[in-house]
Amino acid sequence: IKATGSREVQNEKDADLLFYVYPSRFEAGRAVSFVEEITVNIKKGKRIIVADIDPKGDVQGGDKVFTNELGKRGVLRELNGYASWNTAGNTIGTALPHGVVFALAQAKLMKSKDTANRVQAAQDWFVFHRVLDDFYYHTLVRAEAKNFIAQNKWNPFRLSDAETEKVEQFSQKLMLESFTELSNIYFGGDKNDLPKNSMCQEASNMTFDLPWNRTFEAEIDFQIICRN
Numbered sequence: 295i296k297a298t299g300s301r302e303v304q305n306e307k308d309a310d311l312l313f314y315v316y317p318s319r320f321e322a323g324r325a326v327s328f329v330e331e332i333t334v335n336i337k338k339g340k341r342i343i344v345a346d347i348d349p350k351g352d353v354q355g356g357d358k359v360f361t362n363e364l365g366k367r368g369v370l371r372e373l374n375g376y377a378s379w380n381t382a383g384n385t386i387g388t389a390l391p392h393g394v395v396f397a398l399a400q401a402k403l404m405k406s407k408d409t410a411n412r413v414q415a416a417q418d419w420f421v422f423h424r425v426l427d428d429f430y431y432h433t434l435v436r437a438e439a440k441n442f443i444a445q446n447k448w449n450p451f452r453l454s455d456a457e458t459e460k461v462e463q464f465s466q467k468l469m470l471e472s473f474t475e476l477s478n479i480y481f482g483g484d485k486n487d488l489p490k491n492s493m494c495q496e497a498s499n500m501t502f503d504l505p506w507n508r509t510f511e512a513e514i515d516f517q518i519i520c521r522n
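Just so you know, we're using the numbering used here here: the sequence shown kicks off at 295 and counts up by one.
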């Protein structure tokens, strides 16, 4: 918290941001109640940062029940910050500064319509990318890719260029399906519910590859389409 230039306060009424750390994926029913609390506070106008952490540290990626519930409630786009990496340090170290920087941008840079759209486009890209990478790729698609590699009896830690290309092709199809699904969840609400000053309504042109000849890291890019 100090590293972001922020400080913790004891009274929620004094807070500019609420930081939710979710380490409870092994507690039955906790995901739903946790997201319910987040949703209630968002409806109250609170700015929320979410860090989804695997408490055992043996999984890289977001929790299925928790992430699906965030999508179901339509709050992904309302988050100031989000991450669900492979370690608590990486996750918190991404979500917290992300949310703080966006809060500063909201306070300082939203008077000009052009600047506001650029800020919102950057925010949409980053949140969308985190969910697409942390949850859809690492939790869902990567598991399928690892099975594909095992079926072909390849070394998952040192794929050849030819093997990598085949894994990329296999994963690309699944990622495109995931990209479409997330686009519908993230941008699919009533256009009247879009963030104020934003004309960003669509994600497109996704690209995907495995730059290190293994599935541990994926390079994912896309465009956020905004209209004036």
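Positions of the beta carbon are idealized from the N, C-alpha and C atoms, including for glycine.
Buried or exposed by the 16-neighbour rule on C-beta atoms within 10 Å, applied to residue i
i    : result
R301 : exposed
A444 : exposed
E330 : exposed
G356 : buried
A497 : buried
K307 : exposed
K490 : With a pLDDT of 47 at K490, under the threshold of 50, the modelled position of this residue cannot be trusted, and the question is left open.
L390 : buried
E363 : buried
L470 : exposed
G323 : exposed
N305 : exposed
A437 : exposed
Residues that DSSP places opposite residue i in a beta bridge
i    : result
S498 : Q517
V315 : A345
D503 : E513
CA nearest to the CA of residue i, picked from the options
i    : options                : result
L504 : M493, K447, I518, K440 : K440
Q417 : I518, G299, V303       : I518
D455 : N411, N507, L398       : N507
T361 : G323, D408, F429       : F429
F396 : T385, N380, Y376       : Y376
R367 : T409, E457, K337       : K337
I479 : S327, P349, L370, V344 : L370
I332 : A297, L311, T388       : L311
Cβ distance (whole Å) where residue i is taken to contact residue j below 8 Å
i    : j    : result
L373 : V421 : 6 Å
F473 : Q495 : Not a contact, Cβ separation roughly 15 Å.
Q466 : F510 : The pair is not a contact, with the Cβ atoms about 17 Å apart (cut-off 8 Å).
Y314 : I342 : 6 Å
N380 : Q354 : 4 Å
Cβ of residue i within 7 Å of any chain C Cβ
i    : result
A444 : Absent from the structure: chain C. Only one protein chain is present.
In the stretch 341-377, which residue ranges form an unbroken beta strand (DSSP E) of at least 3 residues, counting only runs that do not cross its ends? Qualifying beta strand (DSSP E) stretches, in chain order: 342-346, 375-377.
Quick one: which unbroken alpha helix (DSSP H) runs of 4-plus residues sit fully inside the stretch 371-456? Chain order, please. Runs of the alpha helix (DSSP H) spanning 4 or more residues and lying entirely within the stretch 371-456 occur at 382-402, 407-424, 436-445, in chain order.
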